[in-house]
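Enquirer: First, the structure itself, so that you have it in front of you.
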Amino acid sequence: MPPADLRGAVWRRHRPASTAPDGTVGIHRPYLGLALGGRPAASFAKRLMLPVSNDTLLRVVRRRTAMPTDPLLVVGIDDWAFRRNHRYGTIVCDLERRRIVTLLPDRETATVRAWLSKHPAINIVSRDRGGGYGEAAAKALPNAIQVADRWHLMENASAAFLDAVRRSMNRIRTAIGATTINPELLTCAEKLRYQGYLRRQDSHAVITALVSDGVSLKEIVRRTGHSRNLVRQISRGGGTDMFRTRQSTLDGHLPFLDAQWSVGCRNGAELWRRLKGQGFKGSLRVVAEWATRRRRAETISHQQLQKVPAARTIAQLMTTKRDHLTKAETVTLAVIEQNVPMLADAQALVGRFHAMIRKKAEMELEPWIDDSKRSLIASFANGIANDMGAVHAAITQPWSNGQVEAQITNLKLGQTANVRAR
158 MPPADLRGAV WRRHRPASTA PDGTVGIHRP YLGLALGGRP AASFAKRLML PVSNDTLLRV
218 VRRRTAMPTD PLLVVGIDDW AFRRNHRYGT IVCDLERRRI VTLLPDRETA TVRAWLSKHP
278 AINIVSRDRG GGYGEAAAKA LPNAIQVADR WHLMENASAA FLDAVRRSMN RIRTAIGATT
338 INPELLTCAE KLRYQGYLRR QDSHAVITAL VSDGVSLKEI VRRTGHSRNL VRQISRGGGT
398 DMFRTRQSTL DGHLPFLDAQ WSVGCRNGAE LWRRLKGQGF KGSLRVVAEW ATRRRRAETI
458 SHQQLQKVPA ARTIAQLMTT KRDHLTKAET VTLAVIEQNV PMLADAQALV GRFHAMIRKK
518 AEMELEPWID DSKRSLIASF ANGIANDMGA VHAAITQPWS NGQVEAQITN LKLGQTANVR
578 AR
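To convert a position in the sequence shown, counted from 1, into the numbering used here, add 157.
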């Protein structure tokens, strides 16, 4: 039994936190819950002699986050995956306060439009150019300013140029001077890829002929049995294919192999053993196929299968500063620009567009669209013209969807952490 003068102190020390007259627990509940979550905060509060349940902490946090705030004025909208390739939703962020406002269950235009209609005070909507977010914002908030995301604009311009390179690959191959492919010089694996290439070329020719005759896409799909996406892609000038040999682990050892071949070593197994002594990590099959191709080239003809760079490689070369290229890359690039001038013009237009976005030069937008409508990136230019208001706002307004992408990343990290914790 404690002394009489300490009994009150002992009783206060051990009595339930809910009876504390100073309201200490009530003050700290939101901060503990927000900082640590449910169970960790409850455990920490118990050590502070402020016992409170995890359910109470979570309830306080939810009540605090549900408190009314100032009306939304500037929001960013984007889609995100609840489960990749299965279920997608829409994230809405308050760009002024840098926080998530809501997660919509899908990315349908009607769903987004219904949510925006409940927030008439919104005057700026930042979004990318895909999906139906632009249409939803235009119908729900006709007076709001729509801002296209700058990063997506630049990425779309680069994708349009890559598509132009792919459509120009036949002319590029001719310009570089690649020889006609002789199937006798190919290995078994390359022959299989070459046969697939020939089948795709035949399908491309059939679909192109039907499009020229005015046959509808639906009828072409029915006649050919190809997918609607493939038929649409070819009808729009895409879907061109190119056969080329792949990069090999032997590329760095070709001088040594040529030297050994010149002195009379023609056996694939022996060449492989000598390469192993030089640090080669590849298999015998790779060296044996090289020796087979080399023998066929000498016995059949002196014709060689010249490698053509991939479309993505060519696009990268054409958008890289000249002083960063090797001599061989510079020569290849000069040949392409001389023989495929429209591709060089498209590259210059993409460079102008990127510079316009970076420098916020809104006065150059309309002249750029006029110049691009007669180029290989005309489809991209038409899309920019149709979304003129949002693109102009992207150049003049400070808002962007960058922080929305950051919030999506945080959600993904949270999902990953939850999966690992199970």
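For each residue, glycine too, the CB sits at the ideal point set by N, CA and C.
#1: With H, G and I counted as helix, E and B as strand and the rest as coil, what does DSSP make of alanine 305?
#2: Apart from the five residues on each side of it in sequence, which residues of its chain come closer than 8 Å, Cβ to Cβ, to arginine 380?
#3: Report the option in Leu407, Ala362, Thr365, Arg330 whose CA atom is closest to the CA atom of valine 157.
#4: On the DSSP bridge assignment, give the partners of tyrosine 351 in chain order.
#5: Does arginine 256 come out as helix, strand or coil in the three-state DSSP assignment?
#6: Between the beta-carbon of arginine 284 and the beta-carbon of aspartate 306, is there less than 8 Å?
#7: Can you give me the start and stop residues for the alpha helix (DSSP H) that phenylalanine 239 sits inside?
#8: Count the other C-beta atoms from every protein chain shown that fall within 10 angstroms of the C-beta of methionine 513, then say buried if there are 16 or more, exposed otherwise.
#9: Counting beta carbon pairs with one atom in the segment 245–261 and one in the segment 555–572, are three or more of them shorter than 8 Å?
#10: Quick one: Cα of arginine 430 to Cα of arginine 328, how far?
#11: Would the beta-carbon of alanine 316 be found less than 7 Å away from any heavy atom of the ligand SAH?
#12: So, is valine 420 buried or exposed, given that buried needs 16 or more other C-beta atoms within 10 angstroms?
#13: If you follow the beta strand (DSSP E) that threonine 247 is in, where does it begin and where does it stop?
#14: If I follow the unbroken alpha helix (DSSP H) through isoleucine 541, where does it start and stop?
#15: Measuring straight from C-alpha to C-alpha, what distance separates arginine 196 and serine 210?
#16: Between which two residues does the beta strand (DSSP E) holding isoleucine 281 run?
#17: Taking methionine 520 as the reference, give the member of Ile534, Glu446, Met545 with the closest Cα.
#18: Between alanine 278 and the rest of its own chain, which residues show a CB-CB distance below 7 Å, the 5 nearest in sequence each way excluded?
#19: With DSSP as the reference, label leucine 407 as helix, strand or coil.
#20: Can serine 274 and alanine 297 be called in contact, C-beta distance under 8 Å?
#21: I need the boundaries of the alpha helix (DSSP H) containing asparagine 496, first residue and last residue.
#22: With DSSP as the reference, identify every bridge partner of leucine 261, one or two as the case may be.
#23: Excluding the 5 residues flanking isoleucine 541 on each side, which residues of the same chain have their C-beta closer than 7 Å to its C-beta?
#24: So tryptophan 429 is in the alpha helix (DSSP H); what residue range does that whole segment cover?
#25: What number of angstroms, rounded off, separates the C-alpha of threonine 449 from the C-alpha of glycine 425?
Expert: On the basis of the coordinates in this document:
#1: Along the sequence shown, one-based indexing puts residue 305 at 148. Residue state, collapsed to three classes: strand.
#2: As a first step, residue 380 must be located in the sequence shown, where it is residue number 223. Around arginine 380: Leu367, Val372.
#3: In the structure as shown, the chain starts at 158 and stops at 579, and residue 157 therefore has no counterpart that could be examined.
#4: Reading the sequence shown from its first residue, position 194 is the one you call residue 351. Answer is none; tyrosine 351 lacks a bridge partner.
#5: Translated into positions along the sequence shown, residue 256 becomes position 99. Correct three-state label for arginine 256: strand.
#6: Numbered from 1 along the sequence shown, position 127 holds the residue referred to as residue 284. Numbered from 1 along the sequence shown, position 149 holds the residue referred to as residue 306. Closer than 8 Å, so yes.
#7: By 1-based counting over the sequence shown, the position of residue 239 is 82. Here phenylalanine 239 belongs to no alpha helix (DSSP H); instead the beta strand (DSSP E) covers 231–240.
#8: For the purposes of this step, residue 513 is identified with residue 356 of the sequence shown, where counting begins at 1. Methionine 513 is buried by the Cβ-count criterion.
#9: yes
#10: Here the question's residue 430 lines up with position 273 in the sequence shown. Here the question's residue 328 lines up with position 171 in the sequence shown. Taking the straight line joining both Cα atoms gives about 41 Å.
#11: Looking at this structure, you won't find the ligand SAH or any other ligand, since it has none at all.
#12: For this step, residue 420 is matched to residue 263 along the sequence shown. So valine 420 ends up on the exposed side.
#13: If you number the sequence shown from 1, residue 247 lands on position 90. Segment 244–251, the beta strand (DSSP E) holding threonine 247.
#14: Looking up residue 541 in the sequence shown gives position 384. Segment 535–543, the alpha helix (DSSP H) holding isoleucine 541.
#15: Counted from its first residue, the sequence shown places residue 196 at position 39. Counted from its first residue, the sequence shown places residue 210 at position 53. Cα to Cα, the separation comes out at about 8 Å.
#16: Start at 1 with the first residue of the sequence shown, and residue 281 comes out as number 124. Counting along the chain, the beta strand (DSSP E) containing isoleucine 281 begins and ends at 281–284.
#17: Reading the sequence shown from its first residue, position 363 is the one you call residue 520. Checking every option, the nearest Cα to that of methionine 520 belongs to Met545.
#18: Position 121 of the sequence shown, counted from the first residue, corresponds to residue 278. If we look at alanine 278 and ignore the five residues flanking it on each side, its Cβ neighbours are Pro228, Leu229, Leu230.
#19: Residue numbering aside, residue 407 sits at position 250 when the sequence shown is read from its first letter. Coil, per DSSP.
#20: To locate residue 274, count along the sequence shown from 1; it is residue 117. To locate residue 297, count along the sequence shown from 1; it is residue 140. Against a cut-off of 8 Å, the Cβ pair of alanine 297 and serine 274 comes out as a contact.
#21: Start at 1 with the first residue of the sequence shown, and residue 496 comes out as number 339. First-last of the alpha helix (DSSP H) with asparagine 496: 484–496.
#22: For this step, residue 261 is matched to residue 104 along the sequence shown. BP columns for leucine 261 point to Thr247.
#23: Along the sequence shown, read from residue 1 onward, the residue named residue 541 stands at position 384. If we look at isoleucine 541 and ignore the five residues flanking it on each side, its Cβ neighbours are Ile526, Val548.
#24: Numbered from 1 along the sequence shown, position 272 holds the residue referred to as residue 429. First-last of the alpha helix (DSSP H) with tryptophan 429: 425–434.
#25: Here residue 449 refers to the residue found at position 292 of the sequence shown. Here residue 425 refers to the residue found at position 268 of the sequence shown. The straight-line gap from Cα to Cα measures roughly 8 Å.
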